[in-house]
Amino acid sequence: TGSVPLGKCAALRHLVIMGAKTILVTGFEPFGGESINSSAQVAARLDRKLIEGRTVISATLPCVFSTASEALEQYILEAKPELVICLGQAGGRAAISFERVALNVSDARFADNAGEQPVDAQVIDDGPVAYWSGLPIKAMAHALGEAGYPAEISNSAGTFVCTHVFYGLMHLLAGKKGIRGGFIHVPYLPVQAALSLQSVPCLSLVDMVDAIAIAMTAALGVKRERVG
10 TGSVPLGKCA ALRHLVIMGA KTILVTGFEP FGGESINSSA QVAARLDRKL IEGRTVISAT
70 LPCVFSTASE ALEQYILEAK PELVICLGQA GGRAAISFER VALNVSDARF ADNAGEQPVD
130 AQVIDDGPVA YWSGLPIKAM AHALGEAGYP AEISNSAGTF VCTHVFYGLM HLLAGKKGIR
190 GGFIHVPYLP VQAALSLQSV PCLSLVDMVD AIAIAMTAAL GVKRERVG
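Position one of the sequence shown corresponds to residue 10 (the working numbering), numbered consecutively onward.
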């Protein structure tokens, strides 16, 4: 599955050795006492799909500040993708949210899965205040809207592990040619919404998988996009 380290999966290792073009998509393990995470479910369903001649490789990241970015970097080194899509779960949001900016801040309201709870900390010491997404987010959101899926541009990825990974990704890719990346938040699945004590929006797994596939296609078709 996508959560298995790529080096331990013969089929995926063969893909890379053969020089196949790849897209890396990641989600997060469950956190905050939940038993599932919608982002991991979407990523897993996209594993091995073909998008514009590229093979999708999926992986699940730990919801831990100290290890998530390092795990992502290892997946990138092994998969050698031309596109990296990091997914995160945003319970309460009703649309697929394309994150515009990654801030250099980790400020957790509660502890991660390893009990870590950084407050007012930098993701990268003395790094830039922020990075723009490397994805054509407006073109991607437009493509989803044209297909009938709810989509929005978000100016805040929060300050939990999602932002930590988003900033770490953009810092890693800064100055690198031939690889682009960014972050997308997805809503709850219906089963998660049903378990909530409040009325919260959700999208089906089938719809989210289709929406992210459409977004990937749009990203591959638009190489550059003006910020804003």
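Positions of the beta carbon are idealized from the N, C-alpha and C atoms, including for glycine.
Exercise. Under the DSSP definition of a beta bridge, which residues are partnered with R63?
Worked result: Within the sequence shown, residue 63 is the residue found at index 54, counting from 1. Paired residues: I60.
Exercise. Pick from P90, P199, K186: whose alpha carbon is nearest that of T35?
Worked result: Start at 1 with the first residue of the sequence shown, and residue 35 comes out as number 26. Measuring from the Cα of T35, the nearest candidate turns out to be P90.
Exercise. Anyone know if the C-beta pair for V114 and T168 falls short of 8 Å?
Worked result: In the sequence shown, counting from the first residue as 1, residue 114 sits at position 105. In the sequence shown, counting from the first residue as 1, residue 168 sits at position 159. Against a cut-off of 8 Å, the Cβ pair of T168 and V114 comes out as a contact.
Exercise. Out of curiosity, what's the CA-to-CA distance linking L70 and E155?
Worked result: On the sequence shown, position 61 is the one that residue 70 refers to. On the sequence shown, position 146 is the one that residue 155 refers to. Each residue's alpha carbon lies about 31 Å from the other.
Problem set entry | Assigned exposure category for S48 - 16 Cβ within 10 Å defines buried | Taking the sequence shown and counting its residues from 1, the one referred to as residue 48 is at position 39. By the 10 Å Cβ count, S48 comes out buried.
Exercise. Does the beta-carbon of K17 have 16 or more other beta-carbons within 10 angstroms, so that it is buried, or is it exposed?
Worked result: Position 8 of the sequence shown holds residue 17. Its pLDDT being 47, under 50, K17 is placed unreliably in this model, and the value from its coordinates should be taken loosely. When all chains shown are included, K17 counts as exposed.
Exercise. Does the pairing of the stretch 129-146 with the stretch 203-214 give three or more beta-carbon distances under 8 Å?
Worked result: no
Problem set entry | C171 in three-state terms, based on DSSP | Counting from 1 along the sequence shown, the entry for residue 171 is found at position 162. C171 falls in the helix class under three-state DSSP.
Exercise. From which residue to which residue does the beta strand (DSSP E) around G191 run?
Worked result: As a first step, residue 191 is located in the sequence shown; it is residue number 182 there, counting from the start. Element bounds for G191: 189-195.
For this session: Give me the Cβ distance between L92 and I32, rounded to the nearest whole Å; I'm assuming they're in contact under 8 Å.
Result: Here the question's residue 92 lines up with position 83 in the sequence shown. Here the question's residue 32 lines up with position 23 in the sequence shown. The pair is a contact, with the Cβ atoms about 5 Å apart (cut-off 8 Å).
For this session: Tell me, to the nearest whole angstrom, how far the beta carbon of E61 is from that of L229; I am working on the premise that it is less than 8 Å.
Result: Reading the sequence shown from its first residue, position 52 is the one you call residue 61. Reading the sequence shown from its first residue, position 220 is the one you call residue 229. That belief holds up - the Cβ atoms of E61 and L229 are roughly 5 Å apart, short of 8 Å.
Problem set entry | Nearest to G177 (by Cα), restricted to the options G190, K30, L214 | Sequence index remark: in the sequence shown, residue 177 carries index 168 (1-based). Nearest option by C-alpha distance: G190.
Exercise. Thinking C-beta only, is L112 closer than 8 Å to A77?
Worked result: Counting from 1 along the sequence shown, the entry for residue 77 is found at position 68. Counting from 1 along the sequence shown, the entry for residue 112 is found at position 103. Taking 8 Å as the Cβ cut-off, A77 and L112 do not qualify as a contacting pair.
Exercise. When the distance is taken between beta carbons, is L55 closer than 8 Å to S67?
Worked result: Position 58 of the sequence shown holds residue 67. Position 46 of the sequence shown holds residue 55. Contact flag set, yes.
Problem set entry | Contact set for A227: own chain, Cβ-Cβ below 6 Å, skip 5 residues either direction | For the purposes of this step, residue 227 is taken as the residue at position 218 of the sequence shown. Here the set comprises A148, M149, A152.
Exercise. In this structure, does DSSP put V110 in helix, strand or coil?
Worked result: Your numbering for residue 110 matches position 101 in the sequence shown. Reduced to three states, the DSSP call for V110 is strand.
Exercise. Helix, strand or coil for Y158 per DSSP?
Worked result: Within the sequence shown, the letter at position 149 stands for residue 158. It is coil, neither helix nor strand.
For this session: Out of A222, F74, Y158, point me to the one whose CA is closest to F119's CA.
Result: Looking up residue 119 in the sequence shown gives position 110. Comparing Cα-Cα distances from F119 to each of A222, F74, Y158, the minimum goes to F74.
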